[in-house]
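Visitor:
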Amino acid sequence: MFDLQKIFNQFDVADEFINASELGSGHINDTFLIQTESNYDYVLQRINHLVFPDVPSLVENKVLISRHLGKKFNYLSDDEIQKRVLTFIQTKSGANFLRDKEGNYWNLTVNIQGCKTYERVSSSKVAYEAGKLFGEFLHLTSDFDSSRLAEIIPNFHKMSFRFEQFDAALANASELRREKATELIDFANKRREEVQILEELIDDGKISLRATHNDTKISNALFSPEDEALCVIDTDTVMPGIVHFDFGDAVRTICNTGDEDESDLSKVRFNLEYFEEFTKGFIGELGGELSDVEAKHLAFSAKVMTFIVGLRMLTDFLQNDIYFRTSHEFQNLDRAKSQFKLVSEIEINLDEMETIVSLEYAKSVGKQQAQT
Ligand code: GN1
Ligand code: MG
């Protein structure tokens, strides 16, 4: 479909192309692993410009954040830095992305060799390491002026906006799809008020904006063969946000015992042990920087972020699947069902989640006081 060799050759790489294969499980972009005759392989990505209307700014955001992280890691060797942060390759004409004749946008990074990714977490260690990694990402970008980042998808995690889209989709949906989604529509409507909390905290100025990743699903973390978390990938949605977006979205995939589109809902449970491990890792990195208000709403953010993703999937289902890529009929319905089942599971576990967060937060505040 695409002449990947030709596209690759327009980037400033001396290594000879051998082959390309599809990579990853994203719902939006197309990602390919490019193998070369040298020791280095590359990740070539076509950025979906229907979803991302301003690709040049998106790439600019990614490069800015990588540069910032790279500086933070400068105590490491070059080889080690390349494992901790994405390295973007410019085109031969010195741009950070390529636009082909068909209007597609491409960017290229060095592949981080020998790493693995997870679609689902299989051990407490992975949950803990993921917490450390996403917490560290926020810690290391805390001094980055987030007003320098373009808002790549306006209102991305804004609940009132997602409800506006949902209401419009519902009004225009086919009878068949509306009927199939009846229970989910009720589920969403019942929670309409309570899930606005993060938006209200932002609007009231109680939590300030910072650089956030905004798509912290577990498959966006790279792990070493020994399950040490190394690198945050897929920085397409780096934008100004709040810690809750990253904490909550990570919990959504890390603590789900089922798949994101699991059709057997009995498999979708909330793994509280993984939540505890993830929280330890996350707060261990970031705790000292969190305000009491931020800490207070962390556990609840898992519910809000799982809900908002479910709502977007339900909306897409009602719109006949125009946004998230699907591989089978009614997959977006399965996704929304699975996400909302997880929301119910979080509701059952919420008190215990709150206790875990307050204990870990108290520890981190204690540590900080001991240091001063
Ligand atoms: C999309 O394409 P991918 O998998 O990186 C989506 C996220 C959702 C996620 C659900 C730009 O991410 O917001 O949480 O699917 N990205 C965009 O798996 O909409
Ligand atoms: Mg993404």
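The sequence shown stops at residue 361 when you use the working numbering, and every number in between is there. In this text, a Cβ means the ideal position worked out from N, Cα and C, and glycines have one as well.
Just to check my reading of the structure: E249 and A288 have Cβ atoms closer than 8 Å, yes? What is that Cβ distance to the nearest angstrom?
Guide: Actually they are not in contact, since the Cβ atoms of E249 and A288 sit about 21 Å apart, beyond 8 Å.
Visitor: Start and end of the beta strand (DSSP E) containing G103?
Guide: Counted as a single uninterrupted DSSP element, the stretch harbouring G103 is not any beta strand (DSSP E), since DSSP gives it neither H nor E.
Visitor: Counting C-beta neighbours from all protein chains within 10 Å, is the total for K326 16 or more, i.e. buried, or is it exposed?
Guide: Its Cβ being crowded by 16 or more others within 10 Å, K326 is buried.
Visitor: For T226, I'd like the list of residues in its chain whose CB is within less than 8 Å of its CB, leaving aside the five on either flank, ordered along the chain.
Guide: I141, I142, F145, H202, N203 and D204
Visitor: Run the CB neighbour count on I207, radius 10 Å, all protein chains shown included, and call it buried at 16 or more, exposed below.
Guide: buried
Visitor: Leaving out five residues on either side along the sequence, give the residues of the same chain with a beta carbon under 8 Å from the beta carbon of F375.
Guide: Residue 375 lies beyond the residue range present for the chain, which begins at -10 and ends at 361; the question has no answer from this structure.
Visitor: With a threshold of 8 Å, are at least 3 pairs of Cβ atoms found where one atom belongs to the segment 300 to 309 and the other to the segment 334 to 348?
Guide: no
Visitor: Under 7 Å between the Cβ atoms of E278 and S131?
Guide: yes
Visitor: Give the range of the alpha helix (DSSP H) segment to which D340 is assigned.
Guide: Q320 to Q360
Visitor: Restricting to runs no shorter than 3 residues, where is the beta strand (DSSP E) found entirely within the segment 135 to 221?
Guide: Along the segment 135 to 221, the beta strand (DSSP E) occurs as fully enclosed runs of 3 or more residues at 199 to 201, 210 to 212 and 218 to 221, listed in sequence order.
Visitor: So, is L53 buried or exposed, given that buried needs 16 or more other C-beta atoms within 10 angstroms?
Guide: buried
Visitor: Determine the closest residue to D175 out of A359, L159, E69 and S347, with distance taken between C-alpha atoms.
Guide: L159
Visitor: Among the candidates G299, A157 and L187, whose CA atom is the shortest distance from the CA of K285?
Guide: L187
Visitor: State the start and end residues of the unbroken alpha helix (DSSP H) segment that holds P45.
Guide: V44 to K61
Visitor: Taking H233 as the reference, give the member of L261, S197 and V257 with the closest Cα.
Guide: Minimum Cα distance to H233 is reached at S197.
Visitor: How would you label G276, buried or exposed, when you count the other beta carbons within 10 angstroms and need 16 or more for buried?
Guide: buried
Visitor: State the DSSP-derived secondary structure class of M407, mapped to helix, strand or coil.
Guide: With the chain covering -10 to 361 only, the question about residue 407 has no answer from this structure.
Visitor: Between the alpha carbons of D67 and T76, how many angstroms are there, rounded?
Guide: 11 Å
Visitor: How far does the beta strand (DSSP E) with H11 in it reach, from first residue to last?
Guide: Correcting the residue identity first, residue 11 is Glu in this sequence and not His. Looking at the DSSP string, the run of the beta strand (DSSP E) that includes E11 is F6 to E11.
Visitor: Whole angstroms are fine: how far does the CA of K114 sit from the CA of E215?
Guide: So the alpha carbons of these two residues sit roughly 10 Å apart.
Visitor: For G237, report the span of its alpha helix (DSSP H) as first-last.
Guide: V232 to I243
Visitor: For E32, which of helix, strand or coil comes out of DSSP?
Guide: The residue you asked about is not Glu; residue 32 is Val in the sequence shown. The answer is strand: DSSP assigns V32 an E or B state.
Visitor: Looking at ligand 1, does it come within less than 6 Å of V298, judged from the CB to the closest heavy atom?
Guide: For V298, the shortest separation between its Cβ and any heavy atom of ligand 1 lies below 6 Å.
Visitor: What's the C-alpha gap between I36 and E11?
Guide: Distance between the alpha carbons of I36 and E11: 14 Å.
Visitor: Hey, quick one: how far does the beta strand (DSSP E) through F21 stretch, first residue to last?
Guide: D19 to T25
Visitor: So, Y94 versus V44, is the Cβ gap smaller than 7 Å?
Guide: yes
Visitor: Flag D235 as yes when its Cβ comes closer than 6 Å to any non-hydrogen atom of ligand 2, and as no otherwise.
Guide: Because no heavy atom of ligand 2 lies under 6 Å away, the Cβ of D235 does not count as near it: no.
Visitor: Could you pull out every residue in the same chain whose Cβ sits closer than 6 Å to the Cβ of A162, ignoring the five residues on either side in sequence?
Guide: Only L307 meet the Cβ criterion.
Visitor: Comparing alpha-carbon positions, which option in E26, D4, T246 and V40 lies nearest D19?
Guide: V40
Visitor: Confirm, please, whether the CB-CB distance from I78 to L47 is below 7 Å.
Guide: no
Visitor: Does at least one heavy atom of ligand 2 sit under 6 Å from the Cβ of D238?
Guide: no
Visitor: Could you tell me if the beta carbon of G92 falls within a distance shorter than 6 Å of some heavy atom in ligand 1?
Guide: no
Visitor: Does the distance from the CB of D4 to the CB of S27 come in under 7 Å?
Guide: yes
Visitor: So what does Y94 bridge to, in DSSP terms?
Guide: I36 and R88
Visitor: So, helix, strand or coil for T315, using DSSP?
Guide: Three-state DSSP puts T315 in coil, outside helix and strand.
Visitor: Please classify Q360 as buried or exposed, where buried requires at least 16 other C-beta atoms within 10 Å of its C-beta.
Guide: By the C-beta density criterion, Q360 is exposed, having fewer than 16 other C-beta atoms within 10 angstroms.
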